[in-house]
Structures are given as C-alpha cells and as structure tokens.
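Numbering (my numbering), first residue to last: 12 to 385.
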Ligand code: SF4
Ligand code: SF4
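In structure tokens:
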C-alpha cells in the first residue's frame with residue numbers, strides 16, 4: 012500500500028501553512044494550462060549517491076575503529092591502525108556538551124572535539140537545507156528509507172493521526188531531556204565529565220554496546236526494524252532526538268519547498284511522494300519541521316516551475332530561475348560537511364588529545380567504566 016494524502020495533517024501540524032479557505036473554491040474553476048516540465052530531474056540520483064557514500068564512509072570508519080580497539084584488547088598487537096576521529100559523529104550528546112563548553116569558554120575542547128565539529132556541520136546543513144542530514148547523509152535514515160521500500164512488497168500503512176501526532180512528540184521529549192541535562196552542566200562539569208574513564212572512552216562504550224548487545228537491546232532493535240518495514244521512517248519520525256533538533260533548526264531556514272499556485276495543476280503527486288506525509292499540494296510553502304529536504308516532491312512534479320526549493324520572494328532575484336537546483340543543494344551539503352571537517356583537521360582540532368597509554372589502561376576494562384552521573 013502506498014502513502015495516502017492526509018488532509019488532517021494540516022490541521023494537526025501547527026507549522027504547516029495552509030491556504031486561505033477561499034482557495035477551496037478554485038477546484039471548481041476550469042483546469043489550468045499545463046506546462047510540462049522539460050528538464051530531467053536528477054535530485055534522487057544525487058541523493059542516493061550521497062546516501063551510499065555516507066553509508067560506506069560510516070562502514071569504513073566503524074571497521075577501522077573496531078580494528079583500533081582490538082589493538083588494545085589483544086596483547087602484543089602492532090598498533091598499526093590509527094583511531095578514526097569521525098567515529099565521534101555517533102556521540103551527538105558529547106558533541107552538544109562540547110558545543111556548550113566551547114560557546115561558554117571560547118576554548119575548543121580537547122576530548123572528542125570531532126563530535127562538536129560534526130554536530131556544527133549538521134546544524135549548518137539543517138539551517139540552510141532543511142533536515143537534509145536525515146535524507147541525504149544519515150546512515151540510520153538511509154537504512155530506514157530502504158527498509159520501508161522493502162516493506163512496500165508486504166504492505167505499508169500509516170498510523171492514524173490520533174496516534175501519529177502524539178508519537179511524533181516523543182522525539183521532542185527525548186530532545187528536551189538531553190537539552191535539559193546538558194544545559195544544567197557548567198563548563199567545569201563538562202570538562203570533568205569528559206576526563207572520567209567513561210567520558211574518555213565514550214566511543215568505545217558505544218561500539219561495545221553494539222558488539223555485546225544484550226537480549227533487551229536485540230529485542231528493541233528487532234522491534235524498530237520490523238516497525239520500519241511497515242511505517243515509513245519509524246525511528247526518524249517518532250523517536251530520533253537528533254532529527255528533532257535539526258528539524259527545529261530548519262524552521263529558521265530561508266530555503267523552503269514553495270508551490271507556485273498558478274503553475275500547479277493540482278495533481279497531488281507531490282503529496283503522495285512526500286515521505287514526511289506533508290500535504291504539499293495544498294501548501295504555498297512547506298514550513299514543517301518534518302520536511303527533510305529530500306526533494307522527492309520536486310522530483311515527481313510534472314508542471315514547469317510549480318514546485319521548487321527556493322528563497323522567499325523578497326529575497327529572490329528578478330531573473331527567471333529562482334529554484335535551487337539539486338546539484339547546488341548537493342554541493343552546499345558537501346561544502347559544509349567537508350569544509351568544517353577540513354577546518355577542524357587543519358587547525359589541529361580534529362583528534363582527541365588522549366595518549367595511547369591511557370587507552371591501553373582503559374579499553375581492556377571498558378565494561379567497568381560506568382556513567383559518572385546518577
Ligand atoms: S517530499 Fe518535499 S515536502 Fe516532503 S519531506 Fe521531501 S522535500 Fe520536504
Ligand atoms: S506535483 Fe504538486 S505542485 Fe506539482 S503540479 Fe502536482 S499538485 Fe502541483
């Protein structure tokens with residue numbers, strides 16, 4: 012079963028801008044002139060390329076990190092593998108703590124600084140290109156998307172709005188909890204946390220969570236996988252606090268999906284294609300924090316100039332080409348990601364300043380390092 016259009020979305024999502032009531036009457040007017048789009052759309056090929064590249068990058072970083080950890084676990088290892096700091100992309104709370112530390116002290120933290128630079132890169136991407144991290148880069152988002160595509164063979168469904176809306180609130184509750192916990196920490200408390208055995212090897216603890224997953228972990232993961240087969244982007248839509256944070260930042264973005272009512276032929280293909288279940292065909296602009304900037308709506312739109320990712324009219328140039336092409340969005344995402352990572356590396360702020368002797372002491376006993384907070 013494919014995705015249906017859900018008019019009640021507009022009523023339940025306050026961030027959705029609906030059209031004036033008088034617009035309803037337009038459906039009785041004669042059909043508009045249909046100007047078929049001529050240029051071919053490459054946005055989904057580009058997005059797929061980014062998803063595949065980022066997934067591979069994560070597999071590579073994860074594999075190298077595992078080999079690096081094994082060097083400390085196996086006596087007599089040659090220590091030929093270096094630690095890939097990019098693994099700190101999986102420490103978003105550490106990134107948030109370090110960001111607070113940096114903002115309050117003006118000093119770049121020395122433990123897990125890459126977590127902060129990666130968070131900054133993804134926040135900047137969200138500010139400019141909506142939640143593009145979720146639909147272009149995040150490996151969990153990619154796996155979620157393809158699980159749902161697989162699930163289409165069995166039969167997907169969507170939850171009724173009385174359940175969907177409160178469930179969507181869960182990710183904001185989780186985000187609120189983490190923000191509250193980090194906001195309550197002073198820079199001194201953050202520095203002291205980072206220098207505890209747990210803080211120093213938080214990345215190893217994360218790896219070991221997946222390596223030595225208990226029954227509860229397996230059951231939870233299994234439930235999430237099965238739920239993702241049936242409900243589109245189950246984890247991202249309902250539970251991911253990272254997506255919630257990026258969605259809130261994206262509300263400030265000047266770039267939005269905008270619909271030109273004069274060019275639109277009201278075919279509703281955009282709403283059917285939208286993975287966030289937004290009623291794109293009834294909006295002038297998509298303001299929702301759920302929009303992931305995937306451009307699937309733009310890709311399926313058959314009418315010339317009806318749907319674009321663009322700036323508000325007052326910021327647009329007088330030239331006729333006002334929509335942002337997919338290649339420009341792709342280039343912008345790559346530039347922000349590579350630019351911030353490159354800057355951190357060049358400035359010497361990419362790697363944690365932890366001597367091998369400390370790792371040698373802590374990693375073989377990683378399971379004994381407990382969270383210092385109650
Ligand atoms: S299909 Fe369009 S409106 Fe829906 S999430 Fe993707 S970019 Fe946003
Ligand atoms: S896909 Fe959406 S924006 Fe494009 S013509 Fe159809 S209803 Fe209008």
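Ideal Cβ placement from N, Cα and C applies to all residues, glycine included.
Note that the structure is predicted; figures quoted are calculated from it, not measured.
Look at the alpha carbon of residue 309 and the alpha carbon of residue 315, and state the distance between them as a whole number of angstroms.
As a position in the chain shown, residue 309 is number 298, starting the count at 1. As a position in the chain shown, residue 315 is number 304, starting the count at 1. The alpha-carbon atoms of residue 309 and residue 315 are separated by roughly 10 angstroms.
Would you kindly report the start and end of the unbroken beta strand (DSSP E) that includes residue 268?
Walking along the chain shown from the start, residue 268 turns up at place 257. Where residue 268 is concerned, the enclosing beta strand (DSSP E) stretches over 267 to 270.
Would you kindly work out how many angstroms separate the C-alpha atoms of residue 251 and residue 192, rounded to a whole number?
In the chain shown, the residue the question calls residue 251 occupies position 240. In the chain shown, the residue the question calls residue 192 occupies position 181. Cα to Cα, the separation comes out at about 17 angstroms.
Based on Cα-Cα distance, which residue from 350, 355, 208, 354 lies nearest to residue 368?
What you label residue 368 is simply residue 357 of the chain shown in a count that begins at 1. The shortest C-alpha separation from residue 368 is found at 208.
Determine the closest residue to residue 179 out of 243, 364, 68, 295, with distance taken between C-alpha atoms.
Stepping through the chain shown from its first residue, residue 179 is reached at position 168. The shortest Cα separation from residue 179 among 243, 364, 68, 295 belongs to 243.
Of all the options 217, 337, 280, which has the alpha carbon lying nearest to the alpha carbon of residue 266?
Sequence index remark: in the chain shown, residue 266 carries index 255 (1-based). Of the candidates 217, 337, 280, the one whose C-alpha sits nearest the C-alpha of residue 266 is 337.
Confirm, please, whether the CB-CB distance from residue 245 to residue 395 is below 9 angstroms.
Missing from the structure shown is residue 395; the chain here goes from 12 to 385 and no further.
Apart from the five residues on each side of it in sequence, which residues of its chain come closer than 8 angstroms, Cβ to Cβ, to residue 9?
Outside the displayed span of the chain (12 to 385) sits residue 9, for which this structure offers no information.
DSSP state of residue 368, grouped into three classes?
For the purposes of this step, residue 368 is taken as the residue at position 357 of the chain shown. Correct three-state label for residue 368: helix.
Could you tell me which whole alpha helix (DSSP H) segments of length 4 or greater appear in the stretch 229 to 269?
252 to 261
Quick check on this structure: which residue in 300, 228, 350 has the alpha carbon closest to the alpha carbon of residue 256?
Within the chain shown, residue 256 is the residue found at index 245, counting from 1. Cα-wise, what sits closest to residue 256 is 300.
If residue 313 sits next to residue 47, beta carbons under 8 angstroms apart, how far is it from one beta carbon to the other, in whole angstroms?
Your numbering for residue 313 matches position 302 in the chain shown. Your numbering for residue 47 matches position 36 in the chain shown. Confirmed, Cβ separation roughly 6 angstroms.
Would you kindly work out how many angstroms separate the C-alpha atoms of residue 84 and residue 219, rounded to a whole number?
Here residue 84 corresponds to residue number 73 of the chain shown, with the count starting at 1. Here residue 219 corresponds to residue number 208 of the chain shown, with the count starting at 1. Computed Cα separation, rounded: 12 angstroms.
Given 8 angstroms as the limit, tell me if residue 277 has its C-beta closer than that to any heavy atom belonging to ligand 4.
Of the ligands this structure carries, namely ligand 1 and ligand 2, none is ligand 4.
Span of the beta strand (DSSP E) holding residue 170?
Indexing the chain shown from 1 puts residue 170 at position 159. Per DSSP, residue 170 belongs to no beta strand (DSSP E) and is neither H nor E.
Would you list the one or two residues that DSSP bridges to residue 319?
As a first step, residue 319 must be located in the chain shown, where it is residue number 308. According to DSSP, which records beta bridges pairwise, residue 319 is partnered with 269.
Is residue 164 helix, strand or coil by DSSP?
Residue mapping note: residue 164 aligns to position 153 of the chain shown, counting from 1. It is coil, neither helix nor strand.
Per DSSP, residue 314 forms a beta bridge with which residues?
One-based indexing of the chain shown puts residue 314 at position 303. Answer is 47, bridged to residue 314.
Under a Cβ-count criterion, where at least 16 other Cβ atoms within 10 Å of its own Cβ denotes burial, should residue 370 be classed as buried or exposed?
Within the chain shown, residue 370 is the residue found at index 359, counting from 1. Label assigned to residue 370: buried.
Under the assumption that residue 214 contacts residue 99 (Cβ atoms under 8 angstroms), give the Cβ distance between them as a whole number of angstroms.
For the purposes of this step, residue 214 is taken as the residue at position 203 of the chain shown. For the purposes of this step, residue 99 is taken as the residue at position 88 of the chain shown. Confirmed, about 6 angstroms.
Kindly identify the DSSP beta-bridge partner or partners of residue 185.
Translated into positions along the chain shown, residue 185 becomes position 174. Paired residues: none, contrary to the question.
Compute the beta-carbon to beta-carbon distance between residue 386 and residue 142, rounded to the nearest angstrom, for a pair I have assumed lies under 8 angstroms.
The requested residue 386 does not occur in the structure, where the chain is confined to residues 12 to 385.
What's the C-alpha gap between residue 348 and residue 271?
Mapped onto the chain shown, residue 348 falls at position 337. Mapped onto the chain shown, residue 271 falls at position 260. So the two alpha carbons sit approximately 31 angstroms from each other.
According to the neighbour-count rule (16 or more other Cβ atoms, all chains shown, within 10 Å of its Cβ), is residue 64 buried or exposed?
As a first step, residue 64 is located in the chain shown; it is residue number 53 there, counting from the start. Exposed, because fewer than 16 other Cβ atoms sit within 10 Å of the Cβ of residue 64.
Residues in its own chain within less than 6 angstroms of residue 153 by CB, not counting five upstream and five downstream?
Translated into positions along the chain shown, residue 153 becomes position 142. Taken in chain order, the residues that qualify are 62, 66.
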